[in-house]
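Please read the structure below before turning to the comments.
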Amino acid sequence: MGGRILRIELLRSVAPLAALLIAAAGLFVIYAGNLPEASWMDLVVRQRTLLVLILPLALGAGAWQGIRERRSKVEELFHTTPRPRWRRVLPTAGAMAIAAVATYLVTLAGATGHLQHANGYLPASAGPLIAIGALSMVAAVWVGLAVGALLPSPLTSPMVVVAGFVALTLVPNMIHPTGPGSPGSPGGYLFFPNLQVPDLNEGKVDTGAALHMLTGRANLAQALWLLALAVAGLALHAAARPATRLAALLPIALGAVVAVALLPANLAAAWVDNPHATELTCTTDQPRICIPRAQSHMLDKLRDPAGQALSILDSKLPSAPVAVTVQIDERADDTRPAADTLLLRLELNASDAALTRDRLLARMLEGGGVPLCLSLMGREPTSETTTRYMAARLAVVGWLLDREPPQRGGPEGALAIAALGALRALPADQQRARVTALRDAERGCLTGDRLDLLTGSGTNG
C-alpha cells in the first residue's frame, strides 16, 4: 500500500468525517449522560461500555464507504481493470482503520476532562482495555465495508446501524435472564466488545472499577475474537469471487473456537482485584506518607496535615507515631498498625470537602492517632454503643488541639463536649495518662467503654 494512495484515501473517503462525528457523539454521551468518573479505570471501562452506541455508527460508516463504487457509478469500470480487487480496497480499508483507532483515542483524550482527578492512578491494566476497544472499532468499520460491498444499496448503512445497535443491546440481555450484573452471568458476555461489567464489589461498598482489572485470559480471548472479525471483514471486502468470500468467513469460526476455550465460565471470574492499585507507595521526604496507588492523587493534600498531626502527637503523648499510612476505607479491617505508624482510613473516592486540612487533621488525631476499631462499633450508626465510642474519640481530638471537639452532626457531639470538659477538670498529668490509656486501648482494640475510660469511671480488658 503506497503512502501517497493512503493519504489520498484519508482525505477523499468518509474516514475523517465519520471519525469527527463518531468522536463527537461519544463525547456527548460521556459528558451528558454520566457524572464525572472517579478514576482512570472507571473512565476506560465507561468508554468500553459506550461501544454499544459507538460501534453501530462505525459499522454504518464502513458500510457507507463500502458502497462508494456503486454511488459513484464506477463499479463496472473497476471490474474491467486488471488490477486485483484486494489492491484497490486495501488503501481504503487502511484509511478507515486509522480513522477508527483515532476516533477511539480522541474520544478517550477528550473524556479526560470528565475525570475527577486527571492526575490520578492510571493502571497498566487499562492499556489492554483501550487497545481492544480500538481494535473493536477497526473490526466494525471493516465488517461494515464488507457488508456495504456485498449489499451496495443506500439503505445498507442505516440498516447496519440499526442492526448493530439491536445486536449489542438486546442479544446480551437474552443470554442471561437477569443481565450481566447478576451472579452466575456466563463468560460468553465477553464476546461483545461493549464491556459487560458484573457486580465487582460483592455487596460491599461500591468502589467502581478502580481496584479491579480484567484477567489476561479474558483480554486475550476478546482480542483474538475481534481480530478474527476484523480479518474476516477485510477478507470479505477484498474477495472478488464467491469461493473466496466463503473462505473469508473461516477466521470467524477459528476465532470463536479459540475464544470459547479461553473465556471463563462466569463473567465475574474474568474480573480480579488489581494488586498494584492497593500497593503502597511512600514518600522519601518528611513526613513519610505511604498511600495506595489508587489514592496517590490525594498525596499533596495530606502532607501538611500529616506533618502537623505527627508533631502534635509527639508533643502530647508518649510513643507517638513517626509516619502515616493511608488505608482504603472500603477495604478496612481491624488489623492494627505498628505503634510508630498513624493509620488513616480514607474513602477511595473521597470528596474534596473531606480532604480539607482541618478535616484531615481531625481524622488523623481521632483516638489519639489510631483508627477506630470496627469490632467495637454498634450494629447501627445511631446506637448508644457507637455514639459513646465516637464521642470518646472526638473528645481526644479536642484535647490534642486545645479546642472544642469537631462536630459531625450526630448525638456524639454533645457527649464529646461533656467528656472533654470532665477531662480538662483533671490535673494535667492525669489528662495525659487517660488519653494515653485510651490510645493504647485503641491500639489493641481492647473491649470496654472508651468514654468511661477517658473520664475515669470504667475499665478495659
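Read in order, the letters of the sequence shown correspond to residues 0 to 460 in numbering that gives the first Met the number 0.
In this text, a Cβ means the ideal position worked out from N, Cα and C, and glycines have one as well.
Taking the Cβ atoms as the reference, P336 lies roughly 13 angstroms from L309, outside the contact range of under 8 angstroms. M212 and L279 have their C-alpha atoms spaced approximately 18 angstroms apart. Within the DSSP bridge table, the entry for W270 names L213 as partners. Annotated as proximal: L225 and A138, with beta-carbon spacing under 7 angstroms. Distance from the CA atom of A432 to the CA atom of R402, rounded to whole angstroms, is 19 angstroms. In the DSSP assignment, R3 is bridged to no other residue.
Beyond the five residues adjoining it in sequence on each side, A24 comes within less than 8 angstroms, by CB distance, of L52, I53, L56 in the same chain, given in chain order.
For L342, the pairing in a beta bridge is given by DSSP as T324. Between G254 and A227, the C-beta gap is smaller than 7 angstroms, which places the two residues in contact.
For L279, the enclosing beta strand (DSSP E) starts and ends at 279-281. Taking L347 as reference, the option from M297, A264, R442 with the minimal CA-CA separation is M297. In this structure, the CA atom of R438 is about 34 angstroms from the CA atom of Y120.
With a cut-off of 8 angstroms on Cβ pairs, the stretch 13-23 is in contact with the stretch 94-108, counting three or more such pairs. For the set D339, G232, G409, the Cα lying nearest the Cα of G93 is the one of G232.
With respect to the 7 angstroms criterion, L50 and P192 are classified as neighbours on the basis of their beta carbons. The three-state secondary structure of I251, taken from DSSP, is helix. Comparing alpha carbon positions, the residue from G32, S184, A145 closest to V230 is A145.
Excluding the 5 residues flanking it on each side, A394 has same chain C-beta neighbours closer than 7 angstroms at P404, A415, A418, L419, L422, L453, in chain order. By the neighbour-count criterion, in which 16 or more other beta carbons inside 10 Å mark a residue as buried, V88 falls on the buried side.
Counted as a single uninterrupted DSSP element, the beta strand (DSSP E) harbouring I288 occupies residues 287-291. Around the C-beta of L364, 16 or more other C-beta atoms lie within 10 Å, and the residue is accordingly described as buried. Within the same chain, and ignoring the five residues on either side of A125 in sequence, the residues whose Cβ sits closer than 7 angstroms to its Cβ are W39, M40, V43. E383 is bridged by DSSP to nothing; it lacks a bridge partner. Between the alpha carbons of A440 and L359 lies a gap of roughly 22 angstroms. Rounded to the nearest whole angstrom, the CA to CA distance from Q430 to A391 is 13 angstroms. For P405, the three-state secondary structure derived from DSSP is coil.
In the three-state scheme derived from DSSP, where H, G and I count as helix and E and B as strand, N265 is classed as strand. Pairing M136 with Y103 gives a Cβ-Cβ distance under 7 angstroms.
Straight-line measurement puts the Cα of H116 at about 43 angstroms from the Cα of H236. Counting along the chain, I416 sits inside the alpha helix (DSSP H) bounded by residues 411-423. Ranked by how close their Cα comes to the Cα of A260, the residues P157, F190, S314 have F190 in first place. Taking 7 angstroms as the cut-off, the beta carbon of C281 is found no closer than this to the beta carbon of D333. In the DSSP assignment, L114 forms a beta bridge with E36.
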